[in-house]
Amino acid sequence: MSELTVTLLRLGYLVLLWAFVLSAIGVLRRDLYGTRITSRRRPRAAANPAPPAGAAATAPTPDRGRGRKSGPTRLVVTEGPLRGTTLPLGSSAVLIGRAPSCTLVLDDDYSSSRHARVYPEGGQWLVEDMGSTNGTFVDDQKVTDAVPVRPGAQIRIGQSVLELQG
Amino acid sequence: MATVEAHRVRAGRGTELALLVLALAIAIASYALVGLGATDELPADVLGYGAGMTGLALAVHLVLRWRAPYADPVILPSVIALNGIGLAMIYRIDLAREARGGTEMFAGKQLALSAVSVVLACVVLVLLRDHRTLRRYTYTAMVVGLVLILLPLIPGLGVTINGARIWIRALGFSLQPAELAKIALAVFFAGYLVTHRDTLALAGPKVLGLQLPRVRDFGPIIVVWAASIAVLVLQSDLGTSLLLFGLFVAMLYVATERLSWIIIGLVMFAGGVAVATATFGHVAARFHIWLHALDQDVFERAPGGSGQLVRGLFGLASGGLFGTGWGQGRPDLVPFAESDFIIASLGEELGLTGLMAILTIYLVLCQRGLRTAIGVRDGFGKLLAAGLAFVIAFQCFVVVGGITRIIPLTGLTTPFLAYGGSSLLANWIVAALLLRISDDARRPAPEPVGELLTTPAGGTPLDEDARNPVAVAGDDQPTEQLRRTSGGGRA
């Protein structure tokens, strides 16, 4: 075999090796960019196009006329260890806490095992503290009795912040 | 631990097939080029070999289509490529040994063992329908792992080869049980940590800005540390000892996300090694060879000198950037060129370019393992996938680091490349487990809304909770303990 053939085969083999490596990386690239990234700014603005400027947590806008269909459809964790987690809202209550039996199991040292629950009543969603150690806050107001939550209001439980989104 | 969801899940079997074509081309080209380089003619059985490798690869591919359609498409081609490159290099060293009048042939055995390993990997994929089944055998896996590690110490069964007592010989087969033990222990660590990670993550005293765990939670790490030191002392096996402890510390970190465990682990291991170095000659010798490899008297010392290490470095140097080409170098000058030093052999014949490609394949393989760990939904699967990916990465680091003199040389095998049946078998099982877990990770989730409506997950505990709030005070314990230790909760 001539020197040239040997060299060509040697380099050709290396090219083949890298062709494999690069195509494997090409497959991975799709995996890197093809994931759902939960943007926490835009969905809120889109889901809650016109929140009345003065409507604080204590003055929700009950939307009885259109029923729950126009209400929030999911509960989103926007801060804390579970940031980005989304829970679809159905017709049943959502129990939040560290206990495995909760609907939303928080991985948060500062929440109690059964911390709070979010439930629908009369066309709106209410949040109620279940006697937690560190309390539940809606827009920095400590929750004592069940209070209604408008979409976009910040529900703080331990280190986590949750909000309802449409 | 977060989950990342893909927009649109592609099963990836088509991609896998395309990558397999490339991987098989690499495997067959390596074999053909070895023949061309060493004897100037194509090996007579290159077609048969090609057909065999293709058959093995397609067998796994078809099993994946049948039993794990969503498995990761990159893992299998990477493993096939590595296995093929390893086989070709072992065959190449055989040819060199034959030319010098040697009679011991390894390539045939390795090929047969590759076939057995592939069959075993298929059996794992077919029989293990859900990796969560393994969680039931958490403590069984612990016993199996410890027994496997201790087997070589049994008189009559264990054999001492090259100073390390890590082999058993029975019925004409010899086996390195520690290779299989690492899988059993990964299963045990995953099962154990997923249950106990809350206690292990609890914060204790804060020292120098580092949040230490509570003293009473140190038990498990001390047990594993003692076991790995025992392996080091009783079997003279620094590699397995490192792997065992490294695996536990890595999985502990993945489970608790506390950096303090890694620092504690490193400090404990450094302390153990320091004591072992002072007490046991063979560990001290390893360090001496590492630090003074190029001294004339260390190089020339007949057993236990740095001759092997330095010849490996010479080989890497003579390979240069593009290597000598398959069959053109002299990798056989290095003792154990087909097993411990296969990376040096490959570096010589394929050069830095080829070696980098091989290391990138490992990188891709480990990345797929860790990506699987992120994607899979259950904690056990996450820990197991992360642990298995870590095992592969760690073995590569220890072997390549040892050969390139970054760390002292230890006796771990290069996954999929090096000659050694137990290692090949164990690593194919690791690959099968990763494929199984990745199938679960990439499978589209069932529609969550339907699930929420059909199962009253939120309703049942709520009612009972509302009626009797005192009854649930018992499982509030982690929070209660946290308050005691950190002096009051913050909101």
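Going down the list, the sequences are from chains A and B.
Heads up: the first sequence begins at -19 in our numbering, then just goes up one per residue.
Heads up: the second sequence begins at 16 in our numbering, then just goes up one per residue.
Note that CB positions come from ideal geometry on N, CA and C, so glycine has one too.
- Taking C-beta atoms as the reference points, B:Ile90 and B:Met68 fail to come closer than 8 Å.
- Among the residues of chain B, those whose CB is under 8 Å from the CB of A:Val1 are Ala372, Thr375, Ile376, Val379, following chain order.
- Closer than 8 Å to the CB of B:Gly338 there is at least one CB belonging to chain A.
- Under the Cβ distance rule, B:Leu37 counts among the residues neighbouring chain A, one pair being separated by less than 8 Å.
- Within chain A, the residues Val7 have their CB atoms less than 7 Å from the CB of B:Thr30, given in chain order.
- Counting only Cβ-Cβ distances below 9 Å, A:Val(-14) has contacts in chain B at Leu51, Gly52, Gly340, Gln343, in chain order.
- Nearest CB-CB separation between A:Trp105 and chain B: not below the 8 Å threshold.
- Closest by C-alpha distance to A:Gln145, out of A:Asp87, A:Val56, A:Gly138, is A:Val56.
- Interface annotation, B:Ser93: in contact with chain A, CB-CB separation under 8 Å.
- CA-to-CA, the gap between B:Gly435 and B:Ile169 works out to about 22 Å.
- The CB of A:Leu(-9) comes closer than 8 Å to the CB of Phe337 in chain B, given here in chain order.
- Judged by beta-carbon spacing, B:Leu450 lies beyond the 8 Å limit of B:Ala400, meaning their Cβ atoms are not closer than that value.
- Neighbours of A:Ala133 in chain B, taken as residues whose beta carbon is under 8 Å from its own, are absent, since the nearest beta carbon is some 17 Å off.
- The DSSP-derived three-state label of A:Thr116 is strand.
- In terms of beta-carbon proximity, A:Leu(-6) lines the interface with chain B, with at least one pair separated by less than 8 Å.
- Contact note: B:Pro88 reaches chain A through Val7, using a C-beta cutoff of 8 Å and chain order.
- Around the beta carbon of B:Gln311, fewer than 16 other beta carbons lie within 10 angstroms, which makes this residue exposed.
- For B:Tyr106, the enclosing alpha helix (DSSP H) stretches over residues 90 to 114.
- Residue nearest to B:Gly261 within the set B:Trp240, B:Gly173, B:Tyr154 is B:Trp240 (criterion: CA-CA distance).
- Among the bridge pairs identified by DSSP, A:Arg54 is matched with A:Pro68, A:Gln145.
- Within the same chain, Cβ atoms closer than 8 Å to the Cβ of A:Asp89 are found at Gly138, Gln139, the five residues on either side in sequence being excluded.
- Taking the C-beta atoms as reference points, B:Val174 is found no nearer than 8 Å to B:Cys137.
- At least one C-beta of chain A is nearer than 8 Å to the C-beta of B:Gln382.
- Membership of A:Glu108 in the beta strand (DSSP E) is indicated by the continuous run 104 to 109.
- Under the three-state reduction of DSSP, B:Gln382 is assigned to helix.
- Listed along chain B, the residues sitting closer than 8 Å to A:Ala4 by beta-carbon distance are Leu34, Val89, Pro92, Ser93, Ile376, Val379.
- Close partners of A:Leu55 in chain B (Cβ separation under 9 Å) are lacking, with about 11 Å as the shortest Cβ gap.
- Bounds of the beta strand (DSSP E) holding A:Arg97 are 96 to 101.
- By DSSP's assignment, A:Glu59 forms a beta bridge with A:Val141.
- At a C-beta separation below 7 Å, B:Gly65 has no neighbours in chain A, since its nearest C-beta there lies roughly 14 Å away.
- Around the beta-carbon of B:Trp81, fewer than 16 other beta-carbon atoms lie within 10 Å, marking it exposed.
- Distance between B:Arg144 and B:Val75, taken at the CA atoms: about 15 Å.
- Inter-residue distance for B:Gly417 and B:Pro459 is about 42 Å (C-alpha atoms, whole angstroms).
- Taking a Cβ-Cβ cut-off of 7 Å, the neighbours of B:Thr368 in chain A comprise Leu(-6), given in sequence order.
- Nearest in C-alpha terms to A:Gly60, of all of A:Val74, A:Leu(-4), A:Leu86, is A:Leu86.
- At least 8 Å separates the CB of A:Leu142 from every CB of chain B.
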